[in-house]
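Numbering (the working numbering), first residue to last: 140 to 408.
Ideal Cβ positions, reconstructed from N, Cα and C, are used throughout, including at glycine.
The structure under discussion appears below in the form of structure tokens.
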Amino acid sequence: MPELPEVETIARGLHKRLAGDRIDEVWIADKSELLKSPAYEIARVLRGAQIERFRRVGKHIVGDLASANGPAQWVIHLGMTGRCLVCKPSEEHAKHTHVIATLASGRELRFVDPRRFGRLEVLEGREFAAPGEDPITVRAERFVQMFRGRKTPIKSALLNQSLLSGIGNIYADESLFRAGIRPRRRAASLTRIDLLKLYSAIQQVLAEAIRAGGSSISDYVDATGQSGLFQLEHRVYQRTGQPCVVCGTGIKRVVLAGRSSHYCPRCQR
DNA sequence: ACTATTTCCTGGATGC
DNA sequence: TGCATCCAGGAAATAG
């Protein structure tokens with residue numbers, strides 16, 4: 140499940156390997172439903188485009204392109220199971236390969252997504268923007284203000300991408316644990332101090348996770364096929380019934396907004 | 001304007 | 001071994 144740290148890792152990997160390369164050809168699978176832009180438009184914009192850089196915006200990967208028609212962007216959302224793989228043309232095609240960009244360097248960039256929750260689009264003449272604030276660069280005061288008056292559980296608010304763009308289920312649970320806040324607490328019921336604690340917990344968790352190359356759950360790998368290591372540092376996520384690393388109490392699991400939410404009933408109030 | 005719920009999708013795990 | 005069922009969840013769509 141690529142969230143901010145995984146997407147950051149992948150975007151950095153793509154940038155390192157592909158910046159300066161050029162897209163010569165584009166193949167798109169028939170009936171590919173993950174395209175937000177029409178297939179012909181994606182092919183038209185990508186073909187011949189120079190890759191200037193790849194970067195993360197929220198949970199999206201943005202490729203900045205220089206094409207004959209001027210600047211353009213390739214925006215990739217990985218959904219749950221999306222992968223961007225840099226391959227040799229001779230490598231066997233993974234099942235559920237939806238897009239292949241052939242590069243001037245002789246390599247291929249392949250987009251693979253079994254569950255098809257990922258999305259691809261191209262933009263010309265406008266800059267892609269995340270719907271909410273970036274959790275890493277947002278200022279503490281803005282963060283505090285963002286939750287004022289919201290009746291929704293704090294966990295749901297953290298998952299709302301139009302508030303903060305980039306936090307998903309893993310990092311919401313891990314941040315709430317470190318801040319000592321139960322996922323079901325109403326956002327509006329949190330004090331300024333609570334929110335400041337949550338703010339620094341998020342900063343800390345995301346920084347540590349990026350340093351570890353993200354969390355490898357199920358089939359996440361970065362652009363070089365490397366797994367992340369942060370799953371080893373998870374204190375609550377998918378640890379239902381196991382002892383809390385701080386107090387030994389069994390970790391509980393509840394469903395909130397259709398998502399499993401893990402917390403320590405003793406450390407989190 | 002918010003909030004809550006449902007839907008999409010497939011592979012892996014589980015149970016019989 | 002094989003088959004059915006359940007579960008994972010990001011975000012858009014829908015309902016309240």
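| query | Do the CB positions of G257 and H216 come within less than 7 Å of each other? | reply | In the first sequence, residue 257 corresponds to position 118, counting from 1. In the first sequence, residue 216 corresponds to position 77, counting from 1. Yes, the Cβ-Cβ distance between G257 and H216 is below 7 Å.
| Can you pull the DSSP bridge partners for A205? | Within the first sequence, residue 205 is the residue found at index 66, counting from 1. For A205, which the question treats as bridged, DSSP gives the partners Q189 and P210.
| request: Output the distance between the C-alpha atoms of S304 and A158, rounded to the nearest integer angstrom. | output: By one-based count along the first sequence, residue 304 stands at place 165. By one-based count along the first sequence, residue 158 stands at place 19. The straight-line gap from Cα to Cα measures roughly 25 Å.
| message | Less than 7 Å between the beta carbons of V251 and T236, yes or no? | response | Walking along the first sequence from the start, residue 251 turns up at place 112. Walking along the first sequence from the start, residue 236 turns up at place 97. Taking 7 Å as the Cβ cut-off, V251 and T236 qualify as a contacting pair.
| query | Rounded to a whole number of angstroms, what is the C-alpha to C-alpha distance between S409 and Q407? | reply | Given that the chain is displayed from residue 140 to residue 408, the structure contains no residue 409 and the question cannot be resolved.
| task | State buried or exposed for E230, treating a residue as buried only when at least 16 other CB atoms are found within 10 Å of its CB. | result | Residue mapping note: residue 230 aligns to position 91 of the first sequence, counting from 1. Per the 10 Å Cβ criterion, exposed.
| field | N- and C-terminal bounds of the beta strand (DSSP E) containing F286 | value | For the purposes of this step, residue 286 is taken as the residue at position 147 of the first sequence. Looking at the DSSP string, F286 is not in any beta strand (DSSP E), and its letter there is neither H nor E.
| When the Cβ atoms of the segment 315-322 are set against those of the segment 146-166, are three or more pairs found closer than 8 Å? | no
| Can you find at least 3 beta carbon pairs, one from the segment 200-214 and one from the segment 256-274, that sit closer than 8 Å? | yes
| message | Please state the DSSP three-state secondary structure of A182. | response | Locating residue 182 in the first sequence gives position 43, counting from the first residue. In this structure, A182 counts as helix in the three-state DSSP scheme.
| Could you give the distance in angstroms between the alpha-carbon of M140 and the alpha-carbon of G187? | One-based indexing of the first sequence puts residue 140 at position 1. One-based indexing of the first sequence puts residue 187 at position 48. Approximately 31 Å, taken between the alpha carbons.
| message | With distance defined between alpha-carbon atoms, name the residue in D273, P382, A178 and G209 nearest to I239. | response | Counting from 1 along the first sequence, the entry for residue 239 is found at position 100. Measuring from the Cα of I239, the nearest candidate turns out to be A178.
| If we ignore side chains and look at the alpha-carbon of each, how far apart do R398 and H232 end up? | Within the first sequence, numbered from 1, the residue matching residue 398 stands at position 259. Within the first sequence, numbered from 1, the residue matching residue 232 stands at position 93. Going by the C-alpha atoms only, they are around 32 Å apart.
| query | Would I309 pass as a contact of S339 if the rule is Cβ separation under 7 Å? | reply | Locating residue 309 in the first sequence gives position 170, where the first residue counts as 1. Locating residue 339 in the first sequence gives position 200, where the first residue counts as 1. No, Cβ-Cβ distance for I309 and S339 is not below 7 Å.
| query | Between C383 and L174, what straight-line distance do the alpha-carbon atoms span, to the nearest angstrom? | reply | Numbered from its first residue, the first sequence carries residue 383 at position 244. Numbered from its first residue, the first sequence carries residue 174 at position 35. Computed Cα separation, rounded: 42 Å.
| Once you ignore the five residues that flank G218 on each side, which residues in its own chain have a CB closer than 6 Å to its CB? | The residue labelled residue 218 in the question sits at position 79 within the first sequence. Closer than 6 Å at the Cβ level, and outside the excluded window around G218, lie F256 and G257.
| query | Is it true that the CB of A243 sits closer than 7 Å to the CB of D163? | reply | Position 24 of the first sequence, counted from the start, is the residue given in the question as residue 163. Position 104 of the first sequence, counted from the start, is the residue given in the question as residue 243. Cβ distance < 7 Å, so D163 and A243 count as in contact.
| field | Continuous beta strand (DSSP E) stretch holding S400: start and end | value | Here residue 400 corresponds to residue number 261 of the first sequence, with the count starting at 1. Start and end: R398 to Y402.
| Residue(s) in a DSSP beta bridge with R249 | For this step, residue 249 is matched to residue 110 along the first sequence. Note: R249 sits in a beta bridge opposite L224 and I239.
| field | Per DSSP, cross-strand counterpart(s) of L334 | value | Here residue 334 corresponds to residue number 195 of the first sequence, with the count starting at 1. L334 pairs with nothing; no bridge assigned.
| Start-to-end residues for the alpha helix (DSSP H) that takes in E145 | Stepping through the first sequence from its first residue, residue 145 is reached at position 6. L143 to L157 is the span of the alpha helix (DSSP H), which, as asked, contains E145.
| field | R374, DSSP secondary structure in three states | value | In the first sequence, counting from the first residue as 1, residue 374 sits at position 235. Coil.
| query | What are the boundary residues of the beta strand (DSSP E) that includes E263? | reply | Position 124 of the first sequence, counted from the start, is the residue given in the question as residue 263. Unbroken beta strand (DSSP E) run through E263: R258 to E263.
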